[in-house]
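**Q** Each residue of the sequence shown is one higher than the one before, starting from 189 at the first, in our numbering. Just so you know, even glycine gets a beta-carbon here, dropped at the ideal spot from N, CA and C. Since we're looking at a predicted model, the values are computed, not measured.
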Amino acid sequence: MPSSPGLPGQAYDLGFAADGSGFALLAQCVEDEVTPENGFCRQHVAVLDRGAPRWALRASPLPEVHGTVGVSAELVVLGRGRALIREASERHPSRTWFTADGGRSWKAGDLRAAGTVGVIPEGAALSAQCPGPAGPRAQECDRPRLVVVSPRDGKARFLAREPRLGGHPAPAAHPEPDGSWWVSGVDPGSGRTAVAVSRDAGRTWTVSRLPGPSADAAWRVAVSVAPDAVYAAETGEVRGVEQTKNPLRALHRSLDGGRTWTRVWTSGPASGEPRTLVGVAVAGPGGRLVLHGERATYATTDGGRTFREAGPGTHYVTRGRLGYLRSAGAGCAYGISPDGVRWTTFRLACADAAVR
């Protein structure tokens with residue numbers, strides 16, 4: 189993976205396609221400490237073409253941001269040379285920008301879903317949004333639906349067949365390495381935390397309940413698939429311990445592809461660390477698992493039953509088409525791993541762009 193430390197500003201979102209090409213959103217900000225409302229951020233897009241030795245700077249369709257608003261756009265990579273930017277600004281909360289030529293041109297669109305699709309195509313992304321006049325934000329209605337963002341045109345369409353989950357279904361944006369798609373939510377019969385998996389691109393779903401420590405639904409569930417196990421980390425309030433922003437409530441393990449689960453770790457006053465999880469757990473073969481917490485990084489080799497401290501807690505990990513993407517809380521260093529064991533590091537936009 190090539191580095192491009194000389195790119196302007198700082199990268200605030202990036203992603204990759206399965207062929208190794210990628211996109212990054214950059215913000216080059218000028219701050220005014222005396223009069224903060226005079227500050228502004230210029231936005232750029234960096235593109236890594238397949239096989240290119242370095243990232244290329246391309247014009248961003250996003251407007252310059254003024255004052256203290258900050259940048260809010262989100263990036264969705266949809267395949268080689270294809271990406272969608274969700275502007276998510278106060279003025280244009282639903283506007284999107286789609287490119288099919290590696291950021292050389294952009295077409296404006298709308299985030300709101302229209303129409304239905306029966307299958308999740310290769311390269312697509314999965315999300316959730318409210319149907320009808322409620323608006324696209326999933327948290328603004330009682331029953332959001334799953335939507336598929338198409339790599340063909342960047343438009344969102346409702347998925348025809350959804351898993352039987354109550355509450356607010358929360359899908360992973362991308363499939364796991366084995367091609368499975370995962371959605372977390374609530375078992376409608378019991379109100380307990382549950383997950384659903386599809387192994388046929390969204391045509392059918394299988395729902396299983398997690399044996400969580402609380403009757404209250406989890407805040408979120410992050411699923412990580414290893415070659416020999418599936419892990420589900422649930423976050424939520426843990427009674428009797430210091431409250432944190434990202435509390436890890438329990439860790440579950442499945443040896444049959446998610447049909448049945450065993451709770452292998454439960455947070456509590458006597459459990460010790462890890463008690464937090466930032467991003468997703470990094471799952472490797474042979475019971476190896478790494479959790480990046482707020483205070484430190486923790487590793488296990490027995491499938492999550494015991495942990496040891498393995499480094500500082502400065503990383504945030506997501507799962508994408510190329511595998512795990514690790515970014516630091518501050519700085520410009522990134523890591524990418526296809527299997528949770530072997531890591532390739534690279535640097536992006538390392539110049540200090542703030543002018544005071």
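Would you say Thr-381 faces chain C, with C-beta separation under 8 Å as the test?
**A** This model lacks chain C altogether, as it is built from one protein chain only.
**Q** Can you give me the start and stop residues for the beta strand (DSSP E) that Ala-521 sits inside?
**A** 521 to 525
**Q** Output the distance between the C-alpha atoms of Ser-282 and Gln-198, rounded to the nearest integer angstrom.
**A** Looking at the two C-alpha atoms, the distance is approximately 24 Å.
**Q** Gln-216 lies in the beta strand (DSSP E); which residues open and close that run?
**A** 210 to 218
**Q** Say whether the region 312 to 320 touches the region 357 to 367, bearing in mind that this needs 3 or more beta-carbon pairs closer than 8 Å, one atom from each stretch.
**A** yes
**Q** Return yes when the Cβ of Phe-211 is within less than 8 Å of the Cβ of Gly-291, no when it is not.
**A** yes
**Q** Please state the DSSP three-state secondary structure of Gly-303.
**A** coil
**Q** I'd like to check one pair, Gly-528 with Tyr-504: are the Cβ atoms closer than 8 Å?
**A** no
**Q** My assumption, with CB atoms under 8 Å, is that Leu-195 sits in contact with Ala-537. Please give the rounded CB distance.
**A** 4 Å
**Q** Measure the Cβ-Cβ separation of Gly-267 and Ala-348 and say whether it is below 8 Å.
**A** no
**Q** What do you get for Pro-224, buried or exposed, if any count of 16 or more other CB atoms within 10 angstroms of its CB means buried?
**A** exposed
**Q** Could you give the first and the last residue of the continuous beta strand (DSSP E) run that contains Val-466?
**A** Per DSSP, Val-466 belongs to no beta strand (DSSP E) and is neither H nor E.
**Q** Verify the contact flag: Asp-330, CB atom, against every heavy atom of the ligand HEM, threshold strictly below 7 Å.
**A** This structure simply doesn't include the ligand HEM, nor any ligand for that matter.
**Q** Does the pairing of the region 327 to 341 with the region 408 to 417 give three or more beta-carbon distances under 8 Å?
**A** They do not touch, by the three-pair rule.
**Q** What whole-angstrom Cβ distance do Gly-481 and Glu-461 have, given they're in contact under 8 Å?
**A** 7 Å
**Q** Between Val-385 and Pro-365, what straight-line distance do the alpha-carbon atoms span, to the nearest angstrom?
**A** The alpha-carbon atoms of Val-385 and Pro-365 are separated by roughly 13 Å.
**Q** Less than 8 Å between the CB atoms is what I'm expecting for Thr-287 and Ala-261, so what's the real figure, rounded?
**A** Not really, about 13 Å apart at Cβ, beyond 8 Å.
**Q** What residue ranges within the region 486 to 537 form continuous beta strand (DSSP E) runs of no fewer than 3 residues, ordered along the chain?
**A** 496 to 500, 503 to 508, 511 to 516, 521 to 525, 532 to 535
**Q** Just checking, does the region 429 to 441 make contact with the region 450 to 457 on the three C-beta pairs under 8 Å criterion?
**A** yes
**Q** Terminal residues of the continuous beta strand (DSSP E) containing Lys-295?
**A** 295 to 298
**Q** Check whether the Cβ atoms of Leu-263 and Leu-214 sit closer than 8 Å, and answer yes or no.
**A** no
**Q** Got a sec? Which residues, its chain only, sit under 8 Å from Arg-496 by beta carbon, not counting five neighbours each side?
**A** Around Arg-496: Tyr-486, Ala-487, Thr-488.
**Q** What number of angstroms, rounded off, separates the C-alpha of Val-305 from the C-alpha of Val-335?
**A** 9 Å
**Q** For Lys-433, which option in Val-466, Glu-219, Ser-402 has the closest C-alpha, if you only look at C-alpha atoms?
**A** Val-466
**Q** Per DSSP, what kind of secondary structure is Gln-327 in: helix, strand or coil?
**A** helix
**Q** Note down the Cα distance separating Leu-236 from Gly-508, rounded to an integer number of angstroms.
**A** Each residue's Cα considered, the two are about 16 Å apart.
**Q** So, under 8 Å CB-CB, Leu-353 and Pro-324 are touching, yes? Tell me the CB distance rounded to an integer number of Å.
**A** Incorrect: roughly 19 Å between the Cβ atoms, too far for contact.
**Q** Find out if the Cβ-Cβ distance for the pair Ala-521, Arg-530 is shorter than 8 Å.
**A** no
**Q** With C-beta atoms as the reference, is Val-374 less than 8 Å away from Val-383?
**A** no
**Q** Excluding sequence positions up to five away, which residues of its chain have a Cβ less than 6 Å from the Cβ of Ile-308?
**A** Val-336, Ala-389, Gly-390
**Q** Residues bridged to Trp-453 by DSSP?
**A** Under DSSP, Trp-453 shares a beta bridge with Leu-439.
**Q** For a test of the three-state rule: what should DSSP assign to Glu-262, helix, strand or coil?
**A** strand
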